[in-house]
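The next block holds one structure in the form of structure tokens; read it before the comments.
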Amino acid sequence: AQSVSQHNHHVILSEAASLELGCNYSYGGTVNLFWYVQYPGQHLQLLLKYFSGDPLVKGIKGFEAEFIKSKFSFNLRKPSVQWSDTAEYFCAVNALNTGNQFYFGTGTSLTVIP
Amino acid sequence: DTAVSQTPKYLVTQMGNDKSIKCEQNLGHDTMYWYKQDSKKFLKIMFSYNNKELIINETVPNRFSPKSPDKAHLNLHINSLELGDSAVYFCASRQDRGTSDTEAFFGQGTRLTVV
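These protein sequence lines are chains H and S, in that order.
Taking my numbering as reference, the numbering of the first sequence is continuous, increasing by one, and the terminal residue is 121.
Taking my numbering as reference, the numbering of the second sequence is continuous, increasing by one, and the terminal residue is 124.
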């Protein structure tokens, strides 16, 4: 079955630690990949997206993600997290063969300790 | 101006009632969605709709129905509310260019509590 998997459900880090959140998908064909962030009590906001070209994409607030087609992965990274990065992070896929469907992973809850 | 707006932001209602949540987008997008986010933060797509087709997630009970009076609006009607319907409901929109390379924009969410 087609799916988006985020293996880290809860991550707790100290400020200045490095972050990597995993995302794997199982859709075939052309895919476009996204990371969204949801700060406490707020709506989802786009962090970054991959459509084509350079597989290493940079987003807002120092986040980046790397698309590795052979591994069906799109992991999110940040070299040094801040307390304000505490939030839920969602990986999402929009694939041509799913029509207009926009599928999300189960999310990763990140807590950054000052 | 808010790109995707939902009303109400909070909704508390009794079991068995019928309620609606409104969604409007001013981005000129032609595709809109409804998502349900449960207490574990899992985002489940309920519907996607554009002027061509309505795609319904088959796991969504038929008590839920989307209504689109025009391209800028996709309202969610829920009949005979149940306790398990308590969740945060997000509306979203995106531009469908026949490809998949556009992101979705989300509303602020509606927190529905059924008592």
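Backbone N, C-alpha and C fix where the C-beta goes; we use that ideal spot for every residue, glycine too.
ARG120/S vs THR111/S beta-carbon contact at 8 Å: no
Note down, in chain order, each residue of its chain lying with its Cβ closer than 7 Å to the Cβ of ASP47/S, except the 5 sequence neighbours on either side. ALA96
Near SER74/S, what residues of its chain come up, given a Cβ to Cβ distance below 6 Å and the 5 sequence neighbours on each side ignored? If we look at SER74/S and ignore the five residues flanking it on each side, its Cβ neighbours are HIS86.
Check whether the Cβ atoms of TYR44/S and ALA101/S lie closer than 8 Å to each other. Yes. Within cutoff.
Under the three-state reduction of DSSP, which class applies to SER29/S: helix, strand or coil? strand
Grab the span of the beta strand (DSSP E) containing LEU85/S for me, first residue to last. Counting along the chain, the beta strand (DSSP E) containing LEU85/S begins and ends at 84-87.
Using DSSP's beta-bridge definition, name the partner residues of VAL123/S. THR22/S
CYS30/H, enclosing beta strand (DSSP E) - first and last residue: Per DSSP, CYS30/H belongs to no beta strand (DSSP E) and is neither H nor E.
Could you tell me which residues DSSP pairs with TYR46/H in its beta bridges? DSSP lists no partner for TYR46/H.
Are the C-beta of LEU54/H and some C-beta of chain S separated by less than 8 Å? no
Name, going along the chain, the residues of the region 47-65 of chain S whose beta-carbon falls closer than 7 Å to a beta-carbon of chain H. So the close ones are LYS50, PHE51, LEU52, ILE54, SER57, ASN59 and ILE64.
Assuming PHE41/H and ALA99/H are in contact, meaning their beta carbons sit under 8 Å apart, how far apart are those beta carbons, in whole angstroms? So it is a contact: roughly 4 Å between Cβ atoms.
Neighbour list for TYR5/H in chain S, Cβ cutoff strictly below 7 Å: With chain H covering 8 to 121 only, the question about residue 5/H has no answer from this structure.
CA-CA distance, ALA24/H and PRO86/H? Using only the alpha carbons, I get a separation of about 7 Å.
Between the region 77-108 of chain S and chain H, which residues of the former have CB atoms less than 8 Å from a CB of the latter, in chain order? PHE99, ALA101, ARG103, ASP105 and THR108
Where the beta strand (DSSP E) containing ASN101/H begins and where it ends: Taken as a continuous stretch (DSSP letters only), the beta strand (DSSP E) holding ASN101/H covers 94-102.
Bounding residues of the beta strand (DSSP E) (the contiguous stretch that carries LYS76/H): Looking at the DSSP string, LYS76/H is not in any beta strand (DSSP E), and its letter there is neither H nor E.
Using only the heavy atoms of the ligand ADP, determine whether one of them is closer than 7 Å to the beta carbon of MET24/S. Looking at this structure, you won't find the ligand ADP or any other ligand, since it has none at all.
By a C-beta neighbour count over all protein chains shown, 10 Å radius and 16 as the cutoff for buried, is GLY35/H buried or exposed? exposed
Which of helix, strand or coil DSSP assigns to SER102/S: Of the three classes helix, strand and coil, the one that applies to SER102/S here is strand, per DSSP.
May I ask you to list, following chain order, the residues of the region 29-40 of chain H that have a beta carbon less than 9 Å from some beta carbon of chain S? THR37, VAL38 and ASN39
Inter-residue Cα distance where the pair is VAL69/S and ILE54/S: Distance between the alpha carbons of VAL69/S and ILE54/S is about 9 Å.
Assuming ILE67/H is part of the beta strand (DSSP E), what are its boundary residues? Per DSSP, ILE67/H belongs to no beta strand (DSSP E) and is neither H nor E.
Secondary structure of LEU92/S, DSSP reduced to three states: helix
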